[in-house]
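Let me begin by presenting the structure, written as structure tokens, before commenting on it.
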Amino acid sequence: MQEAMKARAKELLADGSVNRVAGWKIGEFSYDITPAIFETAEEIDRDFVYDDFCGANLSKYLISQSRKEGKILVFLKPCDSYSFAQLLKEHRIIRENVYIIGIECYGKADINKIREKGIDGVLGIKESGSSFVIDSIYGEATVPKMDVYAERCLVCKSKKHAVYDELIGEEGDVVPSSRFDKVAELEAMTPDERFEFWRGELSRCIRCNACRNVCPACSCENCVFDNPNSGIANKAAADSFEENMFHIIRAFHVAGRCTDCGECSRVCPQNIPLHLLNRKFIKDINEFYGEYQAGENPDEKAPLTNFTFDDCEPSIVYKRGGNQ
Amino acid sequence: MKKMQAANLNDFFRAAAAAETVYLPVDSADGARFMKYEDGVTLSMACNTTRSAKDFFFPQVENLVDFKVDGKKIEVIDGREEVEDFVIFGVRACDLASFEILDRVYLNTPPVDSYYKNRREHGTVITLACGRPQETCFCKVFGIDAADPAGDVTCWMLGDDIYFRANTEKGEKLIAACGSLLTDVDEAPVENAKTAIRAMVDKLPIKDLKLDKISERHLLENFNSSVWKDLYESCIGCGTCTFVCPTCQCFDVREFKTNEGVKRFRCWDSCMYSDFTKMAAGNNRLSQLERFRQRFMHKLVYFPANNDGVYSCVGCGRCLKSCPISMNIVKVAKALGGEANE
Amino acid sequence: MSEVNETLIPQLGIVTDIRTDTPDVKTFRVNALDGGKVFEHIPGQCAFLSMPGVGEALFSITSSPTNKEFMEFSIKRCGCVTDWLHSMEVGQMITIRGPYGNGFPVDTDFRHKDLLFIAGGIGLAPLRSVINYVRGNRDKYGKVDIVYGSRSKDDLVDYDEIINEWVNEKDFNVHLTIDREQEGWDGHVGFVPNYVKELGFDTDKTCIICGPPIMIKFTLAGLIELGFKKDQVYTTMELRMKCGVGKCGRCNIGDKYVCKDGPVFRCDQLDEMPSEY
Amino acid sequence: MQVNDNKDFQPTIVAFCCNWCSYAGADLSGTNRLQYPANVKIIRIPCSCRLNPIFILRAFQRGADGVILCGCHPGDCHYTTGNYYARRRMSLLFSMLDYLGIEKERTRVEWVSAAEGAKFAATMNEFVDAVTKLGRNHRLEDLRCKKQ
Numbered sequence: 027m028q029e030a031m032k033a034r035a036k037e038l039l040a041d042g043s044v045n046r047v048a049g050w051k052i053g054e055f056s057y058d059i060t061p062a063i064f065e066t067a068e069e070i071d072r073d074f075v076y077d078d079f080c081g082a083n084l085s086k087y088l089i090s091q092s093r094k095e096g097k098i099l100v101f102l103k104p105c106d107s108y109s110f111a112q113l114l115k116e117h118r119i120i121r122e123n124v125y126i127i128g129i130e131c132y133g134k135a136d137i138n139k140i141r142e143k144g145i146d147g148v149l150g151i152k153e154s155g156s157s158f159v160i161d162s163i164y165g166e167a168t169v170p171k172m173d174v175y176a177e178r179c180l181v182c183k184s185k186k187h188a189v190y191d192e193l194i195g196e197e198g199d200v201v202p203s204s205r206f207d208k209v210a211e212l213e214a215m216t217p218d219e220r221f222e223f224w225r226g227e228l229s230r231c232i233r234c235n236a237c238r239n240v241c242p243a244c245s246c247e248n249c250v251f252d253n254p255n256s257g258i259a260n261k262a263a264a265d266s267f268e269e270n271m272f273h274i275i276r277a278f279h280v281a282g283r284c285t286d287c288g289e290c291s292r293v294c295p296q297n298i299p300l301h302l303l304n305r306k307f308i309k310d311i312n313e314f315y316g317e318y319q320a321g322e323n324p325d326e327k328a329p330l331t332n333f334t335f336d337d338c339e340p341s342i343v344y345k346r347g348g349n350q
Numbered sequence: 300m301k302k303m304q305a306a307n308l309n310d311f312f313r314a315a316a317a318a319e320t321v322y323l324p325v326d327s328a329d330g331a332r333f334m335k336y337e338d339g340v341t342l343s344m345a346c347n348t349t350r351s352a353k354d355f356f357f358p359q360v361e362n363l364v365d366f367k368v369d370g371k372k373i374e375v376i377d378g379r380e381e382v383e384d385f386v387i388f389g390v391r392a393c394d395l396a397s398f399e400i401l402d403r404v405y406l407n408t409p410p411v412d413s414y415y416k417n418r419r420e421h422g423t424v425i426t427l428a429c430g431r432p433q434e435t436c437f438c439k440v441f442g443i444d445a446a447d448p449a450g451d452v453t454c455w456m457l458g459d460d461i462y463f464r465a466n467t468e469k470g471e472k473l474i475a476a477c478g479s480l481l482t483d484v485d486e487a488p489v490e491n492a493k494t495a496i497r498a499m500v501d502k503l504p505i506k507d508l509k510l511d512k513i514s515e516r517h518l519l520e521n522f523n524s525s526v527w528k529d530l531y532e533s534c535i536g537c538g539t540c541t542f543v544c545p546t547c548q549c550f551d552v553r554e555f556k557t558n559e560g561v562k563r564f565r566c567w568d569s570c571m572y573s574d575f576t577k578m579a580a581g582n583n584r585l586s587q588l589e590r591f592r593q594r595f596m597h598k599l600v601y602f603p604a605n606n607d608g609v610y611s612c613v614g615c616g617r618c619l620k621s622c623p624i625s626m627n628i629v630k631v632a633k634a635l636g637g638e639a640n641e
Numbered sequence: 004m005s006e007v008n009e010t011l012i013p014q015l016g017i018v019t020d021i022r023t024d025t026p027d028v029k030t031f032r033v034n035a036l037d038g039g040k041v042f043e044h045i046p047g048q049c050a051f052l053s054m055p056g057v058g059e060a061l062f063s064i065t066s067s068p069t070n071k072e073f074m075e076f077s078i079k080r081c082g083c084v085t086d087w088l089h090s091m092e093v094g095q096m097i098t099i100r101g102p103y104g105n106g107f108p109v110d111t112d113f114r115h116k117d118l119l120f121i122a123g124g125i126g127l128a129p130l131r132s133v134i135n136y137v138r139g140n141r142d143k144y145g146k147v148d149i150v151y152g153s154r155s156k157d158d159l160v161d162y163d164e165i166i167n168e169w170v171n172e173k174d175f176n177v178h179l180t181i182d183r184e185q186e187g188w189d190g191h192v193g194f195v196p197n198y199v200k201e202l203g204f205d206t207d208k209t210c211i212i213c214g215p216p217i218m219i220k221f222t223l224a225g226l227i228e229l230g231f232k233k234d235q236v237y238t239t240m241e242l243r244m245k246c247g248v249g250k251c252g253r254c255n256i257g258d259k260y261v262c263k264d265g266p267v268f269r270c271d272q273l274d275e276m277p278s279e280y
Numbered sequence: 135m136q137v138n139d140n141k142d143f144q145p146t147i148v149a150f151c152c153n154w155c156s157y158a159g160a161d162l163s164g165t166n167r168l169q170y171p172a173n174v175k176i177i178r179i180p181c182s183c184r185l186n187p188i189f190i191l192r193a194f195q196r197g198a199d200g201v202i203l204c205g206c207h208p209g210d211c212h213y214t215t216g217n218y219y220a221r222r223r224m225s226l227l228f229s230m231l232d233y234l235g236i237e238k239e240r241t242r243v244e245w246v247s248a249a250e251g252a253k254f255a256a257t258m259n260e261f262v263d264a265v266t267k268l269g270r271n272h273r274l275e276d277l278r279c280k281k282q
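Line by line, the protein sequences are chains V, X, E and D.
The first sequence begins at 27 in this note's numbering and counts up by one.
The second sequence begins at 300 in this note's numbering and counts up by one.
The third sequence begins at 4 in this note's numbering and counts up by one.
The fourth sequence begins at 135 in this note's numbering and counts up by one.
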């Protein structure tokens with residue numbers, strides 16, 4: 027896969043169809059891969075990588091990259107392509123400056139899950155069939171890939187690309203996903219239990235804004251949280267209220283536009299399961315207004331910019347079952 | 300040198316907590332973090348905490364002063380109070396070194412910051428020698444000895460025993476208070492342990508990071524280097540690195556209108572944020588390139604220039620672990636340091 | 004605890020006079036609550052003024068230290084805090100802390116020198132402090148030339164003081180200019196950098212420039228063309244600041260903190276700093 | 135569920151009222167001398183759809199114990215469709231608040247026309263009663279806004 031991608035990228039650079047390539051660059055270790063822009067075949071030969079640790083979603087970079095001179099080639103995994111399509115729908119990317127190669131993805135590993143297994147001092151990670159062989163300062167270990175795949179990959183919703191110019195590998199399908207199970211589990215709790223759960227999670231927030239800045243749906247030039255007159259301390263975990271406020275409003279602002287790419291949870295330095303907030307909105311939208319997948323259909327109106335005359339009333343929240 | 304059985308650690312914490320609040324690293328959903336000691340809380344065995352220990356002296360949010368406004372009148376309410384004594388157990392060598400860097404800013408450069416000084420004076424630091432350094436650790440680059448940190452008291456955990464060495468008067472007092480749990484002992488096992496830890500540190504992958512070409516002498520050369528252009532583009536401009544960093548010390552002063560008056564507080568700020576230098580007249584760091592450069596230049600060039608060559612990085616490796624896009628000070632230093640690191 | 008002096012805790016001042024200089028500049032006179040000045044300063048230093056609930060911002064002190072009765076701040080309306088300041092009335096309390104910064108070397112490098120002041124718009128504010136200091140200690144300084152320009156006649160800050168006092172001072176030469184022709188203006192018309200070149204000055208003078216960054220840049224180039232050296236030229240910088248004492252980190256340029264190592268810099272010092280201001 | 139046992143508790147209620155229907159409805163209930171509790175603070179907004187979710191949270195932060203949005207009946211919006219959007223937004227927001235464990239009885243949407251003065255008063259009475267039963271809002275409060 028990686029070699030095919032490198033070859034194709036060099037080909038497109040060589041024949042002048044593209045001027046730059048957005049991809050992933052090898053890091054210090056096997057797992058700390060950085061998104062990067064490549065301009066020459068030498069750079070691609072030296073640094074380009076595509077493996078189980080290329081979790082970063084490149085679509086948001088195209089907001090700025092597609093406004094630069096020339097054309098850029100981008101490799102998009104299926105879930106990334108939904109983010110791209112959604113950004114396209116919001117007119118945030120100049121489509122003609124981007125050439126998309128869809129790449130297949132069978133899940134990406136999460137280094138934190140490896141560390142949670144007690145494997146630390148990780149020096150190198152090699153693939154061996156359906157397992158990873160991990161070389162560390164403290165010895166060697168083998169773990170099944172599935173055990174250390176990111177949560178978002180274990181509940182993958184689609185192997186199909188929402189948008190691409192060409193594909194490397196097979197075209198996949200939308201797959202059944204159990205991604206709402208945890209949301210349903212929370213819904214079944216009592217309000218007190220839910221409150222405790224979320225307090226425990228959100229109180230860890232350090233307001234670094236990584237979730238916001240990485241989110242492909244958060245593409246406002248000026249964020250409401252950066253407005254000094256909004257009265258919101260955008261970088262201070264000043265009070266539990268602020269933590270709730272930030273996460274409610276952030277999730278609300280991307281409601282109906284969030285493609286559930288899971289970047290927010292991936293980047294959170296405090297391991298807060300932020301995707302559970304976004305998925306709640308997605309689940310509610312599906313239940314209230316019919317199934318909707320952001321980024322899927324470029325012509326469909328987003329649920330919050332749309333309505334029907336016989337939408338449910340907000341009182342549905344009180345009437346609905348669930349624990350009191 | 301004193302010794303205690305590791306099994307008695309809880310008794311030690313309880314004894315110390317009787318007099319003052321004790322904080323120690325505890326495992327939680329976000330990795331280890333400092334928590335208040337209470338019955339049932341156990342010490343984390345993790346190499347280090349996810350967040351740094353700087354919160355104890357330089358908290359993320361701190362009230363500076365309150366105001367009451369009545370028509371044209373203003374009342375200034377100085378709400379500063381002596382903080383109560385507290386103990387931090389389990390500070391690693393890198394975090395201890397970070398306190399010295401914060402001291403340079405808040406204590407040693409006039410004017411003294413009274414908020415910081417207050418906390419610093421009332422804190423007792425018990426350091427813990429590293430037992431299990433990680434691949435992301437590079438404290439050795441900055442001359443930090445993971446095997447023998449200072450602090451008020453130094454601890455070594457060797458198998459079933461914990462060794463204590465008081466380094467300061469504060470430390471002596473604390474050890475004396477827990478005297479019945481400790482027995483006098485010879486230093487030999489600790490010396491052996493130190494040798495073992497140092498040998499382990501010598502095997503770490505980034506211990507040889509070269510910084511010779513990054514310094515005050517190369518200020519403009521480093522600043523104008525072409526590597527920034529290649530590195531910054533992946534940066535998403537969040538504050539993760541700054542907020543987990545034990546030495547990042549920039550802050551913002553903001554106000555909050557309560558129903559009663561106005562609270563003026565300071566909170567951590569990040570040079571990575573687009574509004575860091577934004578003012579009515581414009582912004583002198585308009586793109587992420589400048590902001591990204593500022594963070595690393597400050598740590599590796601500007602700070603040492605003002606502080607006898609001491610880098611504002613302690614090699615704790617937190618930014619290596621936390622950065623959303625895995626761009627970090629090691630990658631920057633390698634790129635900026637050029638061939639020396641090839 | 005409370006007896007420890009803390010620079011981040013402000014003092015109170017009271018606004019005793021507000022003068023409207025131009026459509027967007029007002030000059031505020033600030034006294035301590037019991038009269039007199041809140042603190043002493045040297046020309047070129049700054050102070051934080053704030054209204055709790057609105058914000059705090061740094062302003063250069065416009066009045067001269069030789070003024071023993073009050074401090075003055077000439078403030079242009081351009082942001083949140085300045086908006087509020089422009090809307091307040093006499094008798095309003097404000098908070099004030101300072102003085103911050105290094106100030107101009109009035110008692111060292113400037114002594115017995117011929118001085119050339121070049122200002123544009125609100126850039127006169129920090130220079131007025133020096134100019135009036137020089138007037139107050141006239142025998143310690145040589146000849147003084149002042150080149151001052153603004154967009155129009157109405158935008159000249161402190162016009163009254165300039166034409167009623169400065170021009171009459173011994174060995175003071177005041178050259179005013181405005182950007183565009185205007186009815187009722189018979190003085191020079193044109194941009195400051197060009198006017199400086201037209202006037203041409205002896206190169207043994209010490210220059211002090213303040214104004215918009217673009218004006219500083221071209222004036223400096225003009226002075227060099229006239230034969231001045233960079234170490235004869237002083238300027239003062241403006242950056243976002245929060246603490247004023249070199250700790251909050253945002254005014255950091257190279258190894259300098261503009262709030263404490265500046266805001267006054269000699270132009271040859273600026274060359275050693277990264278070009279990020 | 136926490137039950138309020140403080141008999142003297144007087145909740146603070148913020149009612150966001152659409153300028154065209156509900157605000158007029160509130161007026162009408164006043165001119166008809168219908169009683170509703172004085173602890174309902176009315177904030178007039180141009181349309182129910184103007185209600186930014188931040189406003190609701192801000193009200194709770196500043197000490198509100200319940201927030202109610204009143205707008206024109208669906209189909210009667212002065213701007214034709216504003217309240218349809220508001221309806222979707224509020225459904226999702228209230229569901230999210232419930233998901234975070236914040237008592238769902240603290241938030242409500244009612245459609246009140248300019249002619250429904252009686253409904254306005256009745257709605258407010260009922261809402262105040264419901265919030266009184268819940269007691270003070272602790273889950274979405276800001277401690278900095280509490281009396282020292």
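Glycine included, each C-beta is placed from N, C-alpha and C at the ideal position.
Predicted, not measured: the structure shown is a model, and the values here were computed from it.
Within chain V, the residues that residue i reaches when beta carbons sit closer than 7 Å
{"i": "X:T539", "result": "C234, A236, P295"}
Cross-strand partners of residue i (DSSP beta bridge)
{"i": "E:S153", "result": "E:I181"}
{"i": "E:T85", "result": "Paired residues: none, contrary to the question."}
{"i": "X:P324", "result": "X:F333"}
{"i": "V:P170", "result": "V:S157"}
Cα-Cα separation, residue i to residue j
{"i": "E:S90", "j": "E:E172", "result": "35 Å"}
{"i": "X:F311", "j": "X:C393", "result": "24 Å"}
{"i": "V:I119", "j": "V:S90", "result": "8 Å"}
{"i": "E:Y151", "j": "E:E228", "result": "19 Å"}
{"i": "V:A30", "j": "V:Q319", "result": "31 Å"}
{"i": "E:I181", "j": "E:Y237", "result": "23 Å"}
{"i": "E:F42", "j": "E:R154", "result": "34 Å"}
CB of residue i within 8 Å of CB of residue j, strictly
{"i": "X:G478", "j": "X:M456", "result": "no"}
{"i": "D:C279", "j": "D:C206", "result": "no"}
{"i": "E:Y144", "j": "E:L118", "result": "yes"}
Neighbouring residues, chain X, relative to residue i (Cβ below 8 Å)
{"i": "V:A264", "result": "V360, F555, F564, C566"}
{"i": "E:T98", "result": "F366, I373, V375"}
{"i": "E:G58", "result": "E554"}
Contact set between residue i and chain E, taken where Cβ atoms lie within less than 7 Å
{"i": "X:P410", "result": "T10, V248"}
Neighbour list for residue i in chain V, Cβ cutoff strictly below 9 Å
{"i": "D:T215", "result": "F333"}
For this session: Could you tell me whether the region 404-421 of chain X touches the region 443-459 of chain X, using the rule of 3 or more Cβ pairs below 8 Å?
Result: no
Problem set entry | Segment contact, 8 Å Cβ cut-off, at least three pairs: the region 248-265 of chain E with the region 211-231 of chain E | Too few Cβ pairs lie closer than 8 Å, so no.
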